[in-house]
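Written below as structure tokens is the structure these notes are about.
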Amino acid sequence: MGYASRARSMLLVASVLSAAVLVACQSDTEARAREAAEKIKESIPDVHARALSQPVTEEEVREAQLALREVKEYLGEVNGKLDTITINAIQAFQRSRGLRDDGILTERTKRELRKVLEQARSSEAARPPEAR
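Take the sequence shown: its position 117, counted from the start at 1, is 117 in our numbering, and no numbers get skipped.
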């Protein structure tokens, strides 16, 4: 085997080894990236699950649903049940009022919802009976 032939063989072997190392490194990098993405995903709190498990009474939810209906954020049944539709409506209302949009009926959110109901009731009372 001549010098040129040996050089080509060595170059071919080096190329194959380089490609193998590159593939191994790339799949290792991809695996690490997948692991990192999973860890990040696990660390993000589930806002809906937290909101759905909040300790609120049926009456508080019913009052919130009524107020949310007044501002056209809630179109579901006013039943006092805290579900994802109600949580989404609470979040939309919170965003519209510059509140933290986590779906939690905090005292501040409840206060803003009560204002909506009071305004609706006072404007209803001011209307003549035939217009109601």
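Even for Gly, the Cβ is constructed at its ideal location relative to N, Cα and C.
For T109, the closest of E58, I90 and K41 by C-alpha to C-alpha distance is I90. Distance between A33 and I104, taken at the CA atoms: about 33 Å. The shortest C-alpha to C-alpha distance from E70 to any of P128, S9, T57 and Q119 is the one to Q119. Apart from sequence neighbours up to five positions away, the residues of its chain that approach D101 with a beta-carbon distance below 6 Å are Q91, Q94 and R95, ordered along the chain. The three-state secondary structure of L17, taken from DSSP, is helix. As the crow flies, the alpha-carbon of L113 is around 6 Å from that of A67. Rounded to the nearest angstrom, the Cβ distance from G80 to E59 is 7 Å, consistent with a contact under 8 Å.
Just measuring C-alpha positions, the residue of L117, V23 and E30 sitting nearest K72 is L117.
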